[in-house]
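Trainee: Numbering (the numbering used here), first residue to last: 19 to 278.
Think of the CB as a built atom: it goes at the ideal place given N, C-alpha and C, for glycine as much as any other residue.
A single structure is presented below for examination.
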Amino acid sequence: MTNNLSPIDKAKFVAAKRATDFVEDGMRVGLGTGSTAAWLVRCLGDLIEKEGLRITGVPTSSRTADLAREVGIKVVSLDEAKWLDITIDGADEYDGNLNLIKGGGGALLQEKIVATASDQMVVIADISKQVDTLGAFPLPVEVVPFGWQTTKALVEETLVGLDVLGQTTTLRLNGDTPYITDEGNYIVDLHLKRIGNPRQMSLVINQIPGVVENGLFIDICDAVVIGFGDGKVEVRDINAGTIEEDHLDFIDDENMFSDL
Ligand code: 5RP
19 MTNNLSPIDK
29 AKFVAAKRAT
39 DFVEDGMRVG
49 LGTGSTAAWL
59 VRCLGDLIEK
69 EGLRITGVPT
79 SSRTADLARE
89 VGIKVVSLDE
99 AKWLDITIDG
109 ADEYDGNLNL
119 IKGGGGALLQ
129 EKIVATASDQ
139 MVVIADISKQ
149 VDTLGAFPLP
159 VEVVPFGWQT
169 TKALVEETLV
179 GLDVLGQTTT
189 LRLNGDTPYI
199 TDEGNYIVDL
209 HLKRIGNPRQ
219 MSLVINQIPG
229 VVENGLFIDI
239 CDAVVIGFGD
249 GKVEVRDINA
259 GTIEEDHLDF
269 IDDENMFSDL
C-alpha cells in the first residue's frame with residue numbers, strides 16, 4: 019500500500035511517524051493542521067489502537083478535530099486542557115533558526131495559540147519546506163471581515179517601509195467567495211518573496227487594526243523533524259543544537275492507509 023505513496027507523501031509520513039517518539043503516555047498534545055499533520059494524527063491513532071497509548075488531543079482546526087475523533091484520539095478544547103506538553107504541526111517554510119511561515123491551510127490563528135500554549139513545539143515537514151530566508155511562500159494574515167479592504171490597504175502601505183522584495187497582497191478565495199477561517203475571519207496572503215526581518219514584520223503587521231494574527235512563528239518552534247522520500251529522517255533541535263539522523267522502514271498498514 020505504501021508503494022502507492024508519492025515520495026513527498028512518504029517524506030511527510032516518516033516525519034510524522036518519527037515525531038510520535040516525542041509523545042509520551044498521558045501527554046496533552048496539540049494537533050496541527052494540514053497533510054503532514056494528518057499523518058501524525060493517523061500515526062497517533064495507530065499507537066492508541068495497537069499499543070494502548072493514552073493521550074488527550076487539542077486540535078487546531080475543525081478538520082483535524084474530525085480526523086482525530088475518527089482515529090480514536092480523545093479530543094478536548096484548549097481551555098479544557100489549559101496547557102499542553104507538546105504541539106506537533108506542519109509548516110509552509112522553516113529557516114535555519116526554526117522560524118516558520120504557517121497558515122497555508124488557513125488554520126494559523128488556532129495553530130499559533132495552541133503552539134504558544136505548549137511546553138514544546140515540534141514541526142514535521144518534508145525537506146522542500148526548508149529555506150534560507152522566509153518569504154517565497156505567501157505570508158497568510160488573518161483579518162476580520164469588517165473593513166477588510168481598508169485593512170488590506172493598510173497592510174500594503176506598511177509593506178513599503180519593510181525589508182521585503184514583493185508587496186502584492188491577495189484575498190484568499192474559496193471558489194468565488196472569500197475563504198472563511200474556523201474563527202469566521204478572512205485571510206490576506208502577502209506575496210513578499212523575501213522577508214528580510216521576520217520578527218519586525220510580525221510585530222508591525224499585528225499592530226494594524228483589523229489584523230487578527232499573521233503566519234510568522236518566531237521563537238515558537240523547538241525542533242523540526244524533516245522527512246525524505248527514501249525513509250531518511252533528520253531531527254534538528256534548536257535548543258540543544260543537535261542534529262540526529264534516522265531511517266524508518268515503511269510498513270504496510272491496512273488501517274492507516276485505507277482511506278488514501
Ligand atoms: C495549516 C498549516 C500547515 O501546517 C501548512 O500549510 C503545511 O501543510 P502541509 O503539511 O499540508 O504541507 O500551516 O494552516
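I'd like the span of the alpha helix (DSSP H) that includes arginine 284, first residue to last.
Mentor: The structure shown has nothing for residue 284, since the chain only spans 19 to 278.
Trainee: If I follow the unbroken beta strand (DSSP E) through methionine 139, where does it start and stop?
Mentor: Here residue 139 is taken as the residue at index 121 of the sequence shown, counted from 1. 139 to 144 is the span of the beta strand (DSSP E), which, as asked, contains methionine 139.
Trainee: The beta strand (DSSP E) with leucine 177 in it runs from where to where?
Mentor: Numbered from 1 along the sequence shown, position 159 holds the residue referred to as residue 177. Not the beta strand (DSSP E): leucine 177 falls in the alpha helix (DSSP H), residues 166 to 177.
Trainee: Can you give me the start and stop residues for the alpha helix (DSSP H) that asparagine 224 sits inside?
Mentor: As a first step, residue 224 must be located in the sequence shown, where it is residue number 206. It spans 216 to 224 - the alpha helix (DSSP H) in which asparagine 224 sits, taken as one unbroken run.
Trainee: Please check if any C-beta of chain C sits within less than 8 Å of the C-beta of isoleucine 106.
Mentor: The question asks about chain C, but that chain is absent: this structure has only one protein chain.
Trainee: Within its chain, find whatever has a CB closer than 6 Å to the CB of phenylalanine 31; leave out the 5 residues flanking it on each side and keep chain order.
Mentor: On the sequence shown, residue 31 is found 13 positions in, with the first residue counted as 1. The answer, listed in chain order, is Trp57.
Trainee: Using the rule of at least 16 other Cβ atoms within 10 Å of the residue's Cβ for burial, across every protein chain shown, is threonine 169 buried or exposed?
Mentor: In the sequence shown, counting from the first residue as 1, residue 169 sits at position 151. Per the 10 Å Cβ criterion, buried.
Trainee: Identify, in the order they occur along the chain, each residue of the same chain with its Cβ nearer than 7 Å to the Cβ of asparagine 257, setting aside the five sequence neighbours on each side.
Mentor: Numbered from 1 along the sequence shown, position 239 holds the residue referred to as residue 257. Asp240.
Trainee: Within the present structure, is the beta-carbon of alanine 125 separated from the nearest heavy atom of ligand 1 by less than 7 Å?
Mentor: In the sequence shown, the residue the question calls residue 125 occupies position 107. Yes, Cβ of alanine 125 sits closer than 7 Å to a heavy atom of ligand 1.
Trainee: Taking its Cβ as the centre, do 16 or more other Cβ atoms sit within 10 Å of glutamate 175, making it buried, or is it exposed?
Mentor: Working through the sequence shown from its first residue, we reach residue 175 at position 157. With fewer than 16 other Cβ atoms within 10 Å, it is exposed.
Trainee: Which word fits phenylalanine 164, buried or exposed, when buried means at least 16 other C-beta atoms lie within 10 angstroms of its C-beta?
Mentor: The residue you call residue 164 lines up with position 146 of the sequence shown. Exposed, because fewer than 16 other Cβ atoms sit within 10 Å of the Cβ of phenylalanine 164.
Trainee: Along the chain, which unbroken stretches of the beta strand (DSSP E) at least 3 residues long are found entirely within the region 52 to 98?
Mentor: 74 to 77
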